[in-house]
Structure formats: C-alpha cells, structure tokens
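The next block holds one structure in the form of structure tokens; read it before the comments.
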Amino acid sequence: LALVGRIQYNIHLALVGRIQYNIHLALVGRIQYNIHLALVGRIQYNIHLALVGRIQYNIHLALVGRIQYNIHLAIVGRIQYNIHLALVGRIQYNIHLALVGRIQYNIHLALVGRI
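What follows is the structure, encoded as structure tokens:
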C-alpha cells in the first residue's frame, strides 16, 4: 500500500498541477517578489505606517470631524452659496458693468485723451 500509494500520489501531484504550480511560482517571480518586498522595505513600511500613526491619523480624522465637516459644508450651504452667487447676480453684475458703461468709460478715456 505504501509502495503503490506514494507513486500514485506523485503522479496525482503532477496531474493536478502542484509540481507545475511550484515551478510556475518560481518562474513568474512570486518567490523573488516576496524576497523583493522584504528587501525594498514594503513590510517595514507597513509597520512604519502603524508606528508613526498614519492608521491612527485616519481614525483621528473621522473622530475629530473632518469627514463630518465636509458633509457639514454641503448641508449648511457652501455648495448652495456658490450657486447663490451666480443666481443673485455676481455673473450678472459683471455683465452689468459692461452694459452700463464701464467698457464705454474706458473707450471715453481713450477718446478724450485720458489714456
């Protein structure tokens, strides 16, 4: 049983691709990639992020209300205020300046010799 089962198991491994998969991992660089990650400091970088407080900082932002503040701006009318400026005449005011003579006044200055 031991003799006939080991051979079948090895054949089975080859058939289902386990051996090829291990060779594939080496060929496509997965093993090297894991070594590379350690060498270039990715693992250390993740630890560093936790140590210097980046994760905590993101939690802090949520706790102290930065996310809520952005929502607050929309709710209390910052977006509406910008729309309001256009509606109540900021754009119209610039057009008005041209219509009531600002451009004409500049032309007048040139005509009478002011410029």
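Anchor point for the sequence shown: position 33 equals 33 in UniProt numbering, and the numbering is continuous, going up by one each time.
All C-beta atoms in this analysis are idealised placements derived from N, C-alpha and C, irrespective of residue type, glycine included.
Treat the numbers as computed from the prediction; the structure is a model and nothing was measured.
Would you identify the three-state DSSP class for G29, choosing helix, strand or coil? Secondary structure of G29 (DSSP, three-state): coil.
Alpha helix (DSSP H) segment containing residue 118, residue limits: Any question about residue 118 goes unanswered here, given that the chain covers just 1 to 115.
State the DSSP-derived secondary structure class of G5, mapped to helix, strand or coil. Assigned with DSSP and collapsed to three states, G5 falls in helix.
Please report how far the alpha carbon of V16 lies from the alpha carbon of Y9, in whole angstroms. Whole-angstrom Cα-Cα distance: 10 Å.
With a cut-off of 8 Å on the beta carbons, I'd call I43 and L49 a contact; round off their distance for me. I43 to L49, Cβ: 11 Å. No contact.
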